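Notes follow once the structure below has been shown.
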Amino acid sequence: MKFFVDTGSVEDAKKAMATGYCDGVTTNPSLISKGDSRPLEIIVKEITEIVHGPTSVEVIAEDAVKMIEEGQLYASWSTHVVVKVPCTQEGLKACKALSREGTPVNVTLCFQPLQALVAAKCGAAYISPFIGRLDDIGHVGLQLIEDIRCLYETYGFETEILAASIRTVEHLTRVALAGSDVATIPYGVFSKVLSHPLTDKGLEVFLADWNASRPS
Ligand code: E4P
Numbered sequence: 004m005k006f007f008v009d010t011g012s013v014e015d016a017k018k019a020m021a022t023g024y025c026d027g028v029t030t031n032p033s034l035i036s037k038g039d040s041r042p043l044e045i046i047v048k049e050i051t052e053i054v055h056g057p058t059s060v061e062v063i064a065e066d067a068v069k070m071i072e073e074g075q076l077y078a079s080w081s082t083h084v085v086v087k088v089p090c091t092q093e094g095l096k097a098c099k100a101l102s103r104e105g106t107p108v109n110v111t112l113c114f115q116p117l118q119a120l121v122a123a124k125c126g127a128a129y130i131s132p133f134i135g136r137l138d139d140i141g142h143v144g145l146q147l148i149e150d151i152r153c154l155y156e157t158y159g160f161e162t163e164i165l166a167a168s169i170r171t172v173e174h175l176t177r178v179a180l181a182g183s184d185v186a187t188i189p190y191g192v193f194s195k196v197l198s199h200p201l202t203d204k205g206l207e208v209f210l211a212d213w214n215a216s217r218p219s
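Note that our numbering numbers the sequence shown so that position 58 is 61, with each residue one more than the last.
In structure tokens, the structure reads:
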């Protein structure tokens, strides 16, 4: 299973890579606008040079022709760029065209299983179901991951499930157990992946015992 960091910040990408268990990055227009006011091209090139792994960059256009042009431009910035398109009719037209040209596409804003099925039929490399946002409106986000896993296994699609809108370590654990291929995680959650009070306590006791047995 792959872990991506969900960020628009070059610094977060650096810190996530330093952990040794970050495989890629996802950005979106909101994250980019929060993190950095420099041109998108500069930010994306810096991130891909740090990460050397899949880096999703989202189109802003709303019609397929313009999305394709934007996607082609993004893909020219680095071989690591994955073009992110929304799960709309226009987005899926762009997905099909870009995928046929060999550009990997991440279909984002997926909230129900049929959207994932259609995205896979249109050649998506990744589908991004948004777990946290479903939980926010009283649905069970995790169920969506399980349903997409079932559909993709049944019909033999190779599209990777990229669990998105992850808010907690518990979300991450659950999507991993449900068979997500990838999870994209905000750096705040990324840094907590290994935290457990009993690990800290156990280490403290081991070191105290060791030091007590070997007085300097
Ligand atoms: C996915 O690629 C999105 O950037 C992201 O996970 C959105 O998460 P949010 O619902 O916390 O904004």
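Yeah, the Cβ is synthetic: ideal placement off N, Cα and C, and Gly gets one too. Because the structure is a prediction, the values reported are computed rather than measured.
- Between A122 and V110, the C-beta gap is smaller than 9 Å, which places the two residues in contact.
- Apart from the 5 residues on each side of it in sequence, M4 sits with its Cβ closer than 6 Å to the Cβ of A179 in its chain, given in chain order.
- The distance from the Cβ of K87 to that of E61 is about 4 Å, consistent with a contact at the 8 Å cut-off.
- Of the heavy atoms belonging to the ligand E4P, at least one sits nearer than 8 Å to the Cβ of S59.
- Following the DSSP letters along the chain, one finds D15 inside the alpha helix (DSSP H) bounded by residues V13 to A21.
- Between S59 and K37, the CB-CB gap reaches or exceeds 9 Å.
- For the 9 Å CB-CB criterion, P132 and C113 form a contact.
- Here the C-alpha atom of T22 lies approximately 14 Å from the C-alpha atom of P189.
- Per DSSP, N31 is not a residue of any alpha helix (DSSP H), being assigned neither H nor E.
- In this structure, T30 lies near I46, with their beta-carbon atoms less than 9 Å apart.
- In this structure, the ligand E4P has no non-hydrogen atom nearer than 8 Å to the beta-carbon of T176.
- Secondary structure of E72 (DSSP, three-state): helix.
- Annotation: the region 150-186 contains the following complete segments of the alpha helix (DSSP H) (minimum length 4 residues), in chain order: 172-180.
- Here S33 is exposed, its C-beta having fewer than 16 other C-beta atoms within 10 Å.
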